[in-house]
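Asker: Protein chains in written order, with my numbering: chain A, 5 to 357; chain B, 21 to 311; chain C, 306 to 705. Just dropping this structure here.
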Amino acid sequence: MPGSEVGTAPVAAEPAARPARDRDVRPPVYRQRQLHGVAAVAALVVALSLGVDSAFGHGLLHSWLIYSVVGLGFYLVFSLSGQFAFSQGAFVGLGAYASVWASEGRSFAWGLLAAVVLSAAVALAFAVLVVRSDHFYFAIATLAFSHIALIVFRELESFTAPGGEIVGIPKPDLFGHRFASGQDLALLLGAFLVLALLLTALVERSPLRREAVAFRDNRQVAATVGVPVLRLRLGMFVLGSTYAGVAGCLFAHTSGFISTESFALELGIDIFLVVLLGGAGSMWGPVLGAAFVVWAPEQLRFVGEYRALIYGALLVAVVVAFPGGLVGLVEAAGRWLRRGRGAVRLRSVGERA
Amino acid sequence: MERFVSLFVTGVAQGAVFAVVALGFLLIHKATGVINFAQGDLVTLGAYIAIWAATDLELPLLGAYAVAVAALAAVGVLIERFAYAPIRDRSIHVVVISTLGAALVIRAVIVLWRGTSPTRLRGPLGFEVVEVLGARIPKQNLLIIGVTAVCVAALWLLFHRTQFGRQVRALASDRMAAQMQGIRVARMSMLTFGLAGGLSALAGVLIAPTRAVTVDLGFGPMLYAFAASILGGMGSIGGVVVGALAIGLVQQLGGGYLSPDYAEVYPFVLMLLVIALRPQGVLGSEVRARL
Amino acid sequence: MGSLLALSLLAAACGDDDDGDDAAADESAAGGTTTTTAPDYELEEPLRIVAVISEPGGSDPNAVPDYVDGIEMAIAEINEAGGLGGHPIEFEAVETPAVGDEITNSLNLALEEDPDVLLGPVSSTAVLAMAERVDAAGVPMIHNTTEPKVAGDGEAGSPWIFGNRPPNDGAARIAARYAVEELGAEEIGQLYVNTAFGQSGNEAQDAEIEELGAEVAAERSFEFNATDLTEAVLAMEDVDVVLDWGTPATVGLAVNTLAQQGLADVPHIGPGSVGFSFFADIVGDESLLEGVLGVVDCNPADDDREGVEAWHDAFVEEYGYEPSYGAAQMYDAVHIVAAIVNEAQAADPETIRQGLESLDGHEGICAIYSNENNVLQHSSVVVRFEDGSLVTEKTYDDVG
């Protein structure tokens with residue numbers, strides 16, 4: 005539902021006439037136009053939350069917004085600092101359980117705070133533990149981490165609940181207002197997405213981004229030219245994991261029910277798809293990818309038992325045809341429209357060697 | 021004592037299966053530099069094809085196993101042709117999603133073809149056991165260990181004593197140079213995918229008789245095979261085998277003598293420790309994975 | 306890597322089990338126990354039943370066709386006899402995963418179908434995820450789970466939500482009681498899966514074992530996807546009976562491992578999943594089933610109440626497999642709703658809710674249903690295998 009509209013937002017921006025200082029790391033369409041994009045997403049969320057009138061529609065809208073926040077977190081970890089982490093799902097779970105635990109009998113704000121603090125602290129501890137590991141090992145370490153986290157959620161009943169199942173989680177309340185209706189929730193989640201986008205845009209516009217990309221693409225060289233490699237890497241992982249924790253807190257209080265299954269490795273892989281499908285080279289990728297991951301399977305219900313088969317094939321087709329993800333597709337379409345001719349060479353936004 | 025022997029043999033047998041899967045990873049990784057995320061589902065598909073050949077075609081059990089291994093070698097080649105070769109020069113992300121997609125398609129095909137109800141593959145030895153030092157050891161476990169040993173030996177010979185092996189090792193150590201020396205990269209990658217497919221099927225038919233067969237059959241072994249590759253440093257056959265045996269033993273003995281509630285956690289804790297303390301793997305010298 | 310599992314979660318698929326589409330089930334078959342001969346009245350609108358159930362080919366690896374087949378058999382019968390209030394019953398099935406985000410989407414889609422009553426889901430996680438919304442929507446639901454949290458006094462209970470399975474803790478207690486009272490067990494071994502289902506079953510058994518003066522000699526839990534139980538089974542060496550509250554796959558695995566460790570003759574009492582036809586497939590060797598008992602909700606294959614055998618035979622004829630208790634319960638659920646509609650001569654959600662609330666002594670295939678604490682069934686049956694089919698050992702009518 006919200007899919008394609010979202011994507012047009014960043015692309016609608018005209019190419020900016022700025023010095024080509026960082027042409028290599030950023031395609032021109034995105035240069036310094038993030039704030040327009042954020043405003044467009046905000047407008048879209050408001051329009052959708054007012055326009056959608058079915059519970060089904062609101063459900064998809066909520067999922068899209070939450071997945072976008074987690075996806076943005078993974079964008080920081082993966083796209084900007086090149087760390088292949090399957091742990092996002094576990095951090096969503098950590099945020100969810102922490103927030104339910106801390107907000108019991110108190111306000112939602114306490115839950116949110118606990119989610120932020122705990123996911124940041126655990127992410128930092130984990131990252132320090134495996135700080136010496138490289139690409140593939142780091143990925144596997146995060147896999148091990150998610151596996152252990154799930155079992156801990158199930159066994160640590162004083163923190164979670166027997167079997168990790170919690171029902172009747174109250175809807176979020178902030179500033180004396182309880183966000184109970186589908187529309188209210190969509191607006192609240194939208195506000196969090198906008199915050200997450202603004203923070204990401206801040207990172208994008210700061211020297212941090214260039215340093216992170218330099219580090220991602222060549223660690224040794226980055227280190228020799230004075231990029232604070234370690235601080236960057238830890239910082240991006242902690243920030244991205246905290247996004248996931250916040251999303252977990254939002255998920256718990258939106259759905260009202262959590263169980264450990266919700267945070268299994270499946271979620272980590274969904275998030276991975278959100279970023280890769282959307283386009284790993286742009287902060288708008290996760291927003292688009294989340295829309296696809298939430299929306300496409302529902303649209304495929306009509307094919308019945310062939311749904312898995314078709315979804316899988318679709319996935320491969322999108323990735324193979326548009327290496328830059330959906331953002332790449334939208335970008336190409338935008339260029340095509342502007343130039344008024346068909347022969348556009350697809351440039352891969354998200355690729356790196 | 022009986023208890024220790026029992027747990028030890030079970031651990032070695034489980035580790036042996038992880039080793040077979042991990043060797044598949046290793047082969048493909050050496051020849052192409054990528055990790056095939058469809059490996060787990062190839063294990064599952066191998067078991068289902070054996071079940072089909074044994075029940076629907078009514079082949080004798082060993083014939084059914086042979087059919088499964090041959091079919092999976094072909095599937096491995098198909099995956100290479102359709103999910104890897106066209107995008108070989110693309111970024112690693114594209115390759116990862118592509119193998120993920122291939123895995124999804126395989127899984128969907130299994131569900132459409134055989135349904136979701138758990139089922140079973142007979143083992144050639146049924147539920148027979150032998151007594152070893154007072155412990156009752158299922159013969160299937162000994163079979164798993166034996167077949168794995170033969171398989172590891174054969175692979176070692178293949179790696180170190182044949183032209184094919186030399187070429188794979190050349191590719192692994194310097195891709196570019198090997199290519200310029202005239203090694204036919206496309207053919208090598210087809211061969212290794214095929215071989216890895218056959219190994220997956222072997223793991224599938226070995227492990228299936230010890231448990232209920234569902235579409236998740238290969239998932240656990242794949243996860244532990246990753247862990248084994250890490251412990252072994254993703255470098256040599258010996259390293260991977262030792263890593264896999266360590267995983268199996270830690271799981272069984274940890275479950276038996278520490279706390280059984282956390283048996284599933286031990287291999288992962290071990291893995292985390294290894295990554296934290298010795299990131300190049302216990303037996304490895306260098307990390308060269310493209311991921 | 307985990308991908309596959311993961312991706313398959315997305316892989317929900319709508320039912321492929323339509324082999325019994327317009328199930329022309331023999332009406333005569335079930336005439337005995339159900340009262341659905343249509344009285345002469347006119348409903349303004351037809352009764353709309355919507356199922357939210359995981360189906361084979363979908364995302365739930367444990368999905369079986371029994372539930373939807375049972376529903377469709379009952380609806381076909383009623384419609385062939387003229388329907389309800391002059392209209393055939395309308396039926397839609399929305400495929401529902403057992404876990405995950407999509408459960409809510411499925412429920413929302415089901416609610417858009419404008420149902421008078423919802424049937425399903427069949428997984429605890431799914432019913433917990435749905436409870437709040439069902440309550441808010443004001444549509445009665447008959448779910449087929451043993452989840453205690455959605456019972457009348459449960460944390461997620463609602464006047465709109467009813468379950469037609471006996472509670473899990475009650476059935477678990479029956480296993481312990483049967484072991485002590487009928488098998489004379491003194492030293493009891495416990496296996497259970499470390500999910501809410503296994504944990505609560507295990508606790509209930511502990512309490513029952515203590516009350517009856519027996520003793521827990523060994524206890525082991527494992528992950529729901531455990532693939533090796535050697536260690537756990539070795540711990541069961543000296544027990545009189547093994548109580549096993551695991552998943553179908555782990556119970557099957559435990560049966561095989563017990564046999565390999567020379568413990569095949571220790572009685573082994575499993576939960577309801579033993580009553581599903583695929584269970585026998587998981588256990589490799591039919592002779593190993595001899596020592597297995599199960600606490601199932603009912604056993605349509607061996608029940609001498611009037612009409613049950615005829616129903617069982619008609620089901621096998623129509624669908625080609627042994628109906629589980631789940632098939633019988635969902636079949637019964639349709640007839641319960643039909644009886645309520647006929648009685649009240651109205652088919653709106655509130656009427657059905659009231660009818661379920663005051664349900665008392667409805668004779669079905671699986672059980673005699675009465676409402677208590679929003680749980681409709683209160684009986685369990687202990688069964689064992691004989692030549693591969695289930696034989697009733699003892700029926701308990703006071704399960705929770």
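Note that CB positions come from ideal geometry on N, CA and C, so glycine has one too.
#1: For a contact defined as C-beta to C-beta under 7 Å, what are the partners of residue 240(B) on chain C?
#2: Using a Cβ-Cβ distance under 9 Å, would residue 78(A) count as near chain B?
#3: In whole angstroms, what separates the C-alpha of residue 250(A) from that of residue 34(B)?
#4: Under the three-state reduction of DSSP, which class applies to residue 93(B): helix, strand or coil?
#5: Quick check on residue 296(B): does DSSP put it in helix, strand or coil?
#6: Using alpha carbons as the reference points, say which of 252(A), 143(A), 188(A) and 285(A) lies closest to residue 288(B).
#7: Assign residue 306(A) to one of two classes, buried (16 or more other C-beta atoms within 10 Å of its C-beta) or exposed (fewer than that).
#8: Indicate whether at least one CB of chain C lies closer than 9 Å to the CB of residue 193(A).
#9: Can you tell me which of 416(C), 661(C) and 584(C) puts its alpha carbon nearest to the alpha carbon of residue 58(A)?
#10: If the cut is a Cβ gap below 7 Å, which residues of chain A does residue 427(C) touch?
#11: Rounded to the nearest angstrom, what separates residue 66(A) and residue 128(B) at their Cα positions?
#12: Going along the stretch 153 to 186 of chain B in order, which residues come within less than 8 Å of chain A, judged by CB to CB distance?
#13: Would you mind telling me which residues of chain B sit closer than 8 Å to residue 535(C), beta carbon to beta carbon, in chain order?
#14: Interface residues of chain C around residue 163(A) at Cβ under 8 Å?
#15: Assign residue 683(C) to one of three DSSP states: helix, strand, or coil.
#16: Taking only the alpha-carbon atoms, compute the straight-line gap between residue 82(A) and residue 51(B) and give it to the nearest angstrom.
#17: Tell me, please, whether the CB atom of residue 327(A) is closer than 9 Å to any CB atom in chain B?
#18: Using only the alpha-carbon positions, how far apart do residue 500(C) and residue 56(A) sit?
#19: Do you know offhand how far residue 165(B)'s Cα is from residue 41(B)'s?
#20: Any Cβ of chain C within less than 9 Å of the Cβ of residue 63(A)?
#21: Residue 497(C) by DSSP, collapsed to three states: which one?
#22: Taking the straight line between their C-alpha atoms, what separation do you get for residue 530(C) and residue 561(C)?
#23: Taking only the alpha-carbon atoms, compute the straight-line gap between residue 492(C) and residue 486(C) and give it to the nearest angstrom.
#24: Which residues in chain C have a C-beta closer than 9 Å to the C-beta of residue 208(A)? List them in chain order.
#25: So is residue 70(B) buried or exposed if we call it buried at 16+ other beta carbons inside 10 Å?
#26: Can you list the residues of chain C that residue 223(B) reaches, using a CB-CB cut of under 7 Å?
#27: Is the stretch 76 to 95 of chain B in contact with the stretch 234 to 247 of chain B, if contact means three or more CB pairs nearer than 8 Å?
#28: Return yes when the Cβ of residue 168(B) is within less than 9 Å of the Cβ of residue 233(B), no when it is not.
#29: To test your reading of the DSSP string, which unbroken alpha helix (DSSP H) runs of 4 or more residues are found completely within the stretch 53 to 89 of chain A?
#30: Pull up the distance between the alpha-carbon of residue 186(A) and that of residue 199(A), whole angstroms please.
#31: Tell whether a beta-carbon distance below 9 Å holds between residue 433(C) and residue 266(A).
#32: Are the beta-carbon atoms of residue 397(C) and residue 355(C) separated by less than 9 Å?
#33: Among 38(A), 281(A), 299(A) and 212(A), which has the Cα closest to the Cα of residue 114(B)?
#34: Just to confirm before moving on: does the CB-CB distance between residue 323(A) and residue 53(B) stay below 9 Å?
#35: So, with DSSP's three-state summary, where would you put residue 394(C)?
#36: Between which two residues does the alpha helix (DSSP H) harbouring residue 185(B) extend?
Answerer: In short:
#1: Residue numbering aside, residue 240(B) sits at position 220 when the second sequence is read from its first letter. Simply 530 and 532.
#2: By 1-based counting over the first sequence, the position of residue 78(A) is 74. No, because no Cβ of chain B sits closer than 9 Å to the Cβ of residue 78(A).
#3: The count along the first sequence starts at 1 and reaches residue 250(A) at position 246. The count along the second sequence starts at 1 and reaches residue 34(B) at position 14. Each residue's alpha carbon lies about 39 Å from the other.
#4: The residue labelled residue 93(B) in the question sits at position 73 within the second sequence. Note: residue 93(B) maps to helix in three-state DSSP.
#5: Counted from its first residue, the second sequence places residue 296(B) at position 276. Of the three classes helix, strand and coil, the one that applies to residue 296(B) here is helix, per DSSP.
#6: Locating residue 288(B) in the second sequence gives position 268, counting from the first residue. Nearest of 252(A), 143(A), 188(A) and 285(A) to residue 288(B), Cα basis: 143(A).
#7: Against the first sequence, residue 306(A) aligns to sequence position 302. It is exposed - the Cβ of residue 306(A) has fewer than 16 other Cβ atoms within 10 Å.
#8: Here residue 193(A) corresponds to residue number 189 of the first sequence, with the count starting at 1. Taking Cβ atoms only, chain C never reaches closer than 9 Å to residue 193(A), which makes this a no.
#9: Working through the first sequence from its first residue, we reach residue 58(A) at position 54. Minimum Cα distance to residue 58(A) is reached at 416(C).
#10: Along the third sequence, read from residue 1 onward, the residue named residue 427(C) stands at position 122. Near residue 427(C) there are no residues of chain A at all, since even the closest Cβ is about 15 Å away, more than 7 Å.
#11: Indexing the first sequence from 1 puts residue 66(A) at position 62. Indexing the second sequence from 1 puts residue 128(B) at position 108. Spanning the two alpha carbons is a distance of roughly 28 Å.
#12: none
#13: If you number the third sequence from 1, residue 535(C) lands on position 230. Residues of chain B passing the Cβ test: 26, 27, 30 and 272.
#14: Residue mapping note: residue 163(A) aligns to position 159 of the first sequence, counting from 1. Simply none; closest approach about 16 Å.
#15: Counted from its first residue, the third sequence places residue 683(C) at position 378. Of the three classes helix, strand and coil, the one that applies to residue 683(C) here is coil, per DSSP.
#16: In the first sequence, counting from the first residue as 1, residue 82(A) sits at position 78. In the second sequence, counting from the first residue as 1, residue 51(B) sits at position 31. The alpha-carbon atoms of residue 82(A) and residue 51(B) are separated by roughly 26 Å.
#17: Against the first sequence, residue 327(A) aligns to sequence position 323. Residue 327(A) counts as touching chain B.
#18: Translated into the one-based positions of the third sequence, residue 500(C) becomes position 195. Translated into the one-based positions of the first sequence, residue 56(A) becomes position 52. As the crow flies, the alpha-carbon of residue 500(C) is around 37 Å from that of residue 56(A).
#19: Within the second sequence, numbered from 1, the residue matching residue 165(B) stands at position 145. Within the second sequence, numbered from 1, the residue matching residue 41(B) stands at position 21. About 14 Å.
#20: Here residue 63(A) is taken as the residue at index 59 of the first sequence, counted from 1. Yes, its Cβ sits closer than 9 Å to a Cβ of chain C.
#21: Taking the first residue of the third sequence as position 1, residue 497(C) is located at position 192. Residue state, collapsed to three classes: strand.
#22: As a first step, residue 530(C) must be located in the third sequence, where it is residue number 225. As a first step, residue 561(C) must be located in the third sequence, where it is residue number 256. Whole-angstrom Cα-Cα distance: 16 Å.
#23: One-based indexing of the third sequence puts residue 492(C) at position 187. One-based indexing of the third sequence puts residue 486(C) at position 181. The alpha-carbon atoms of residue 492(C) and residue 486(C) are separated by roughly 13 Å.
#24: Counting from one through the first sequence, the residue named residue 208(A) turns up at place 204. The premise fails here: residue 208(A) is roughly 29 Å from chain C at the closest Cβ pair, so nothing lies under 9 Å.
#25: Here residue 70(B) corresponds to residue number 50 of the second sequence, with the count starting at 1. Answer is buried; the Cβ neighbour count reaches 16.
#26: Within the second sequence, numbered from 1, the residue matching residue 223(B) stands at position 203. What residue 223(B) touches in chain C: nothing, since even the nearest Cβ is about 13 Å away.
#27: no
#28: Along the second sequence, read from residue 1 onward, the residue named residue 233(B) stands at position 213. Along the second sequence, read from residue 1 onward, the residue named residue 168(B) stands at position 148. Not a contact, by the Cβ cut-off of 9 Å.
#29: List check, alpha helix (DSSP H) in window: 59 to 78.
#30: Counting from one through the first sequence, the residue named residue 186(A) turns up at place 182. Counting from one through the first sequence, the residue named residue 199(A) turns up at place 195. CA-to-CA, the gap between residue 186(A) and residue 199(A) works out to about 20 Å.
#31: Taking the first residue of the third sequence as 1, we reach residue 433(C) at position 128. Taking the first residue of the first sequence as 1, we reach residue 266(A) at position 262. Not in contact: residue 433(C) and residue 266(A) (Cβ atoms no closer than 9 Å).
#32: Here the question's residue 397(C) lines up with position 92 in the third sequence. Here the question's residue 355(C) lines up with position 50 in the third sequence. Result yes, Cβ atoms of residue 397(C) and residue 355(C) sit closer than 9 Å.
#33: Locating residue 114(B) in the second sequence gives position 94, counting from the first residue. When only C-alpha atoms are compared, the closest one is 281(A).
#34: Residue numbering aside, residue 323(A) sits at position 319 when the first sequence is read from its first letter. Residue numbering aside, residue 53(B) sits at position 33 when the second sequence is read from its first letter. Contact flag unset, no.
#35: Here residue 394(C) refers to the residue found at position 89 when the third sequence is read from its first residue. Correct three-state label for residue 394(C): coil.
#36: Here the question's residue 185(B) lines up with position 165 in the second sequence. Segment 183 to 193, the alpha helix (DSSP H) holding residue 185(B).
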